[in-house]
Amino acid sequence: MAARTPLTRERIVDAAAAVADESGLAGVSMRSVGKRLGVEAMSLYHHIAAKEQLLDELADWVFGRIGSPSPQAGWRDGMRARAHSAREVLSAHPWGLTLVESRRAAGPVLLEHHDAVLGCLRRNGFSVVLAAHAFSVLDAYVYGFVLTEQNLPFKPGERVEDFVAELPTFDERYPYMLEMVNEMIVGQDYAYGNEFDHGLELILDALTARLATEAGHSSG
Numbered sequence: 093m094a095a096r097t098p099l100t101r102e103r104i105v106d107a108a109a110a111v112a113d114e115s116g117l118a119g120v121s122m123r124s125v126g127k128r129l130g131v132e133a134m135s136l137y138h139h140i141a142a143k144e145q146l147l148d149e150l151a152d153w154v155f156g157r158i159g160s161p162s163p164q165a166g167w168r169d170g171m172r173a174r175a176h177s178a179r180e181v182l183s184a185h186p187w188g189l190t191l192v193e194s195r196r197a198a199g200p201v202l203l204e205h206h207d208a209v210l211g212c213l214r215r216n217g218f219s220v221v222l223a224a225h226a227f228s229v230l231d232a233y234v235y236g237f238v239l240t241e242q243n244l245p246f247k248p249g250e251r252v253e254d255f256v257a258e259l260p261t262f263d264e265r266y267p268y269m270l271e272m273v274n275e276m277i278v279g280q281d282y283a284y285g286n287e288f289d290h291g292l293e294l295i296l297d298a299l300t301a302r303l304a305t306e307a308g309h310s311s312g
């Protein structure tokens with residue numbers, strides 16, 4: 093008989109993430125994770141004290157997959173790369189959206205990630221306050237964009253132009269909507285996901301301007 097692979101905290105958290113991928117966060121329990129691992133739920137308690145700790149570990153699991161800015165990165169490149177990484181991870185694991193900022197007992201991976209983001213901003217001239225504002229607005233944008241993408245009414249593989257063509261409401265009663273549809277969607281192979289980069293650059297441009305203003309005030 094082959095020896096059973098020993099339980100570890102890492103294996104338990106990986107299994108919990110797999111359960112969440114299949115059944116959502118509501119499907120994660122000590123019982124469901126134990127079942128996935130082929131063990132009784134009680135066996136998990138030697139490594140994880142309770143479900144709440146398991147959820148804390150899952151939050152760390154998510155942040156462990158989101159790329160942190162390197163110490164050498166410029167703030168704009170660092171924030172851009174992190175935003176793309178966060179979007180990719182949260183799109184692949186939608187349940188993560190309910191965990192990333194909700195846990196009271198922040199784990200070491202989450203804290204290291206947050207510290208790296210703030211460090212990238214602070215090393216590149218951001219004040220403590222502006223770094224906090226930048227961190228907040230970037231996360232709000234990424235999380236909101238991912239949530240919007242998850243709830244779009246498009247079928248898999250459906251073109252936005254085909255979806256819009258089925259809507260009876262885009263006519264002269266809504267001139268600005270009609271204008272946007274005709275210019276950006278009809279005949280343009282439009283994909284909503286492409287809006288991510290446009291929005292992100294708008295935010296980065298605004299932060300660049302605010303950083304320059306702050307630097308001007310401090311040197312005046």
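Just so we're aligned, residue 93 is where the sequence shown starts under the numbering used here, counting upward by one. Beta carbons are placed, not taken as given, at the ideal position from N, Cα and C, and that holds for glycine.
query                                                                                                                                                                           : result
So residue 199 packs on residue 149, CB below 8 Å; how close in whole Å?                                                                                                        : 7 Å
According to DSSP, simplified to helix, strand and coil, what is residue 220?                                                                                                   : helix
Assign residue 196 to buried or exposed, taking buried as 16 or more other Cβ atoms, counted over all protein chains shown, within 10 Å of its Cβ.                              : exposed
Out of 130, 307, 165, 140, which one is the CA nearest neighbour of residue 222?                                                                                                : 307
To the nearest angstrom, how far is the alpha carbon of residue 129 from that of residue 184?                                                                                   : 22 Å
Which residues in the same chain have their Cβ closer than 8 Å to the Cβ of residue 101, if we skip the five residues on either side of it in sequence?                         : 139, 140, 149
Please give the ranges of any alpha helix (DSSP H) in the stretch 178-241, keeping only runs that are unbroken, at least 4 residues long and fully inside the region.           : 200-215
Can you tell me the Cα-Cα spacing of residue 176 and residue 255, whole angstroms?                                                                                              : 27 Å
Using the beta-carbon count (16 or more within 10 Å), is residue 265 buried or exposed?                                                                                         : exposed
Within the same chain, show all residues whose beta-carbon is closer than 6 Å to that of residue 123, passing over the 5 residues directly before and after it, in chain order. : 133
With 16 as the cutoff for other CB atoms within 10 Å, does residue 230 come out buried or exposed?                                                                              : buried
According to DSSP, is residue 94 helix, strand or coil?                                                                                                                         : Summary for residue 94: the model assigns pLDDT 43, below 50, so the residue's position carries little reliability, and this model does not support an answer.
From the DSSP output, in three-state form, read off residue 255 for me.                                                                                                         : helix
Between the alpha carbons of residue 238 and residue 212, how many angstroms are there, rounded?                                                                                : 24 Å
Would you call residue 263 buried or exposed, if buried means 16 or more other Cβ atoms sit within 10 Å of its Cβ?                                                              : exposed
Check the C-beta distance from residue 242 over to residue 186 and give it rounded, since I have them as a contact under 8 Å.                                                   : 6 Å
Counting C-beta neighbours from all protein chains within 10 Å, is the total for residue 246 16 or more, i.e. buried, or is it exposed?                                         : exposed
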